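Right, one structure below, let's go through it.
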Amino acid sequence: MANPESTTSMSSNPTDSTTTTTAAVAKTAAAVQQPESNQTDVLEERIINDEYKVWKKNSPYLYDLVMTSALEWPSLTCQWLPTLNPSSTKTSTEHSLLLGTHTNDEQNYLMVASVGLPTEDAEIDAREYVDEKEECGGFGSTGNKVEVKIKIMHEGEVHRARYCPSNPFLVATKSPSPDVYVFDLSKHPSFPTAGSSFNPQHVLQGHTSEGYGLAWSPHPSQPRHLISAGEDKLLCLWDLAEAGATVPSLSKLTGHTDVVEDVAWHQTDPSIVGSVGDDRSIKIWDIRVKNATDSTHTREDAHEADVNSIAFNPVQEYLFATGSGDNDVGLWDLRNLKDPLSVFKGHTAEVFNVAWAPFGEGTILGSASADRRVNIWDLARIGQEQTPEDAEDGPPELLFIHGGHTSKLNDLSFNANDDWIVASVSDDNVLQVWSMAENIYADYDDEEADGELDDADLEDDN
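Counting in full-length UniProt numbering, the sequence shown runs from 1 upward without gaps.
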């Protein structure tokens with residue numbers, strides 16, 4: 001496990017460096033006469049700033065690429081689009097990233113940003129830090145950047161935005177409105193013109209309150225199916241095939257007793273979706289049962305706090321992950337929800353999102369947290385022996401900690417067109433595009449074969 005907060009020596013204990021920082025900051029804070037109510041905030045801010053300086057100093061040793069972009073407003077959502085822009089060159093490839101805004105009572109937008117990423121032909125100096133651009137990686141000085149290319153007027157902040165796998169021009173959004181909005185990017189100008197107004201192609205009705213959870217079906221047999229989770233304790237399902245401007249729900253799934261935080265589609269079975277919520281439960285649904293009043297399988301008290309996120313593994317059909325307010329990431333077998341297969345402990349605050357990497361054999365998982373960290377987990381390393389020194393940095397499956405953010409994380413996304421490239425957005429307007437150093441995961445392909453999970457690994461011991 002590589003920790004961006006460790007000192008330049010890769011084997012250093014990150015606890016030692018942060019402890020020294022904390023002591024120095026505490027001494028300084030005590031010397032400054034502050035009102036008691038402000039001292040905690042001042043101390044925390046200084047600790048965060050000092051931790052960031054340590055991360056920045058050591059980032060050339062831990063990353064092949066870091067691009068930091070200050071957005072005009074925070075984005076609560078990010079997702080790589082699957083298409084590559086035609087402006088790609090020999091040394092860079094233009095990728096697209098779906099973003100939104102969370103403004104302070106100003107006009108909100110659904111946005112698409114262009115991100116220039118280096119190709120294998122590019123000369124990259126990972127030891128060069130371009131301060132004015134806040135980018136680690138010399139390629140930052142030869143043209144790669146983040147640039148907003150599309151802005152579409154949106155009513156209310158964009159809680160979540162997700163593209164349709166069968167037609168990436170179709171983007172669904174969640175907002176403070178109970179309705180779900182669907183935009184066809186091809187039918188909007190790149191930027192609002194005089195007289196422009198909020199104009200989604202479809203308004204999906206069914207919820208009575210806002211929410212965050214949103215998932216398109218990845219299955220060719222359901223090219224326009226979309227499901228949404230809400231604070232009204234409901235899951236609403238729509239079919240947008242031949243849909244009009246206003247679309248009533250095809251089915252409403254009831255059974256949660258509190259806010260439904262997230263919903264996900266099974267990656268190989270088009271009839272299965274999973275949901276999680278503030279009732280601390282995991283629910284597995286058969287969407288062929290229209291207007292179901294309860295799920296086919298339920299795990300009550302799956303975590304010790306609200307369950308915020310669920311993601312089905314793209315390769316292992318019985319495997320899924322959850323993220324919770326109890327700071328943990330849970331790994332589950334769909335066939336036996338009695339107990340988790342494993343509980344990943346590494347975050348120190350609420351976990352908001354979990355996401356599987358789209359490459360390899362489905363053993364790489366990312367989690368984003370209020371502790372300002374994105375953790376990358378490698379399931380192939382579960383149970384590996386560790387030295388006492390390595391164990392101090394975390395469990396063996398904790399492959400990497402991205403520590404470049406200074407505020408809570410809102411979302412993360414793996415790039416399906418460029419392995420190991422991750423985008424993450426935080427509450428302080430920051431977007432980071434990054435890739436851990438190749439030497440950290442260089443043995444991944446070799447270990448993947450040995451550590452691949454098969455059905456036997458997932459069977460209940462009993």
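By construction, the Cβ of each residue, glycine as well, lies at the ideal position given by its N, Cα and C atoms. Given the structure is predicted, the values throughout are model-derived calculations rather than measurements.
query, result
"Neighbour-count burial assignment, Glu361, 16 or more Cβ in a 10 Å radius", "buried"
"His256 vs Ser275 beta-carbon contact at 8 Å", "yes"
"DSSP bridge partner residues for Lys90 (one or two, in chain order)", "Answer is none; Lys90 lacks a bridge partner."
"CB-CB length for Asp179 against Leu214, believed under 8 Å", "Actually they are not in contact, since the Cβ atoms of Asp179 and Leu214 sit about 12 Å apart, beyond 8 Å."
"Among Ala423, Ile440, Glu438, Ile272, nearest to Thr68 - alpha-carbon criterion", "Ala423"
"6 Å CB neighbourhood of Glu300 in its chain, flanking five on each side removed", "Ser281"
"Extent of the continuous alpha helix (DSSP H) to which Ala391 belongs", "388 to 392"
"For Trp377: DSSP bridge partner residues", "Leu365, Leu398"
"Span of the alpha helix (DSSP H) around Glu438", "438 to 441"
"Gly231 versus Gly211, Ala241, Ala264, Lys53, residue with shortest Cα-Cα distance", "According to the sequence displayed, residue 231 carries Glu and not Gly. Glu231 has its Cα closest to that of Gly211, out of Gly211, Ala241, Ala264, Lys53."
"Neighbour-count burial assignment, Ala104, 16 or more Cβ in a 10 Å radius", "Checking the displayed sequence, the identity of residue 104 turns out to be Asn instead of Ala. That one is exposed."
"Rounded straight-line distance, which links the Cα of His188 to that of Arg224", "20 Å"
"Check whether Leu398 and Trp420 have beta carbons under 8 Å apart", "no"
"Stretch pair the stretch 363 to 374 + the stretch 342 to 354: three plus CB contacts closer than 8 Å", "yes"
"Beta strand (DSSP E) runs contained entirely in the stretch 164 to 233, provided each spans 3 or more residues", "167 to 174, 180 to 184, 202 to 205, 214 to 216, 225 to 229"
"Cβ shell of Glu304 (< 7 Å), same chain only, five flanking positions each side left out", "Asp326"
"contact_flag[the stretch 52 to 64, the stretch 423 to 438] where n(CB pairs < 8 Å) is 3 or more", "yes"
"Pairwise C-alpha distance: His405 and Asp50", "12 Å"
"Separation of Thr296 from Gln107, as counted between CA atoms", "42 Å"
"Nearest neighbour of Asn313, chosen from Leu170, Leu334, Leu431 [CA to CA]", "Leu334"
"Where Thr246 falls, given that 16 or more other Cβ within 10 Å makes a residue buried", "exposed"
"Asn417 beta carbon less than 8 Å from that of Pro165", "no"
"Best match in Glu44, Ala311, Glu157, His154 for proximity to Gly217 [C-alpha to C-alpha]", "The sequence shown places Ser at residue 217, rather than the Gly named in the question. It is Ala311."
"Chain-order list of residues whose beta-carbon lies under 7 Å from that of Val315 (same chain, five-residue window excluded)", "Glu361, Gly362"
"Simplified DSSP assignment, three categories, for Ser59", "helix"
"Neighbour-count burial assignment, Thr89, 16 or more Cβ in a 10 Å radius", "exposed"
"Cβ pair count under 8 Å reaching 3, the stretch 386 to 397 against the stretch 348 to 359", "no"
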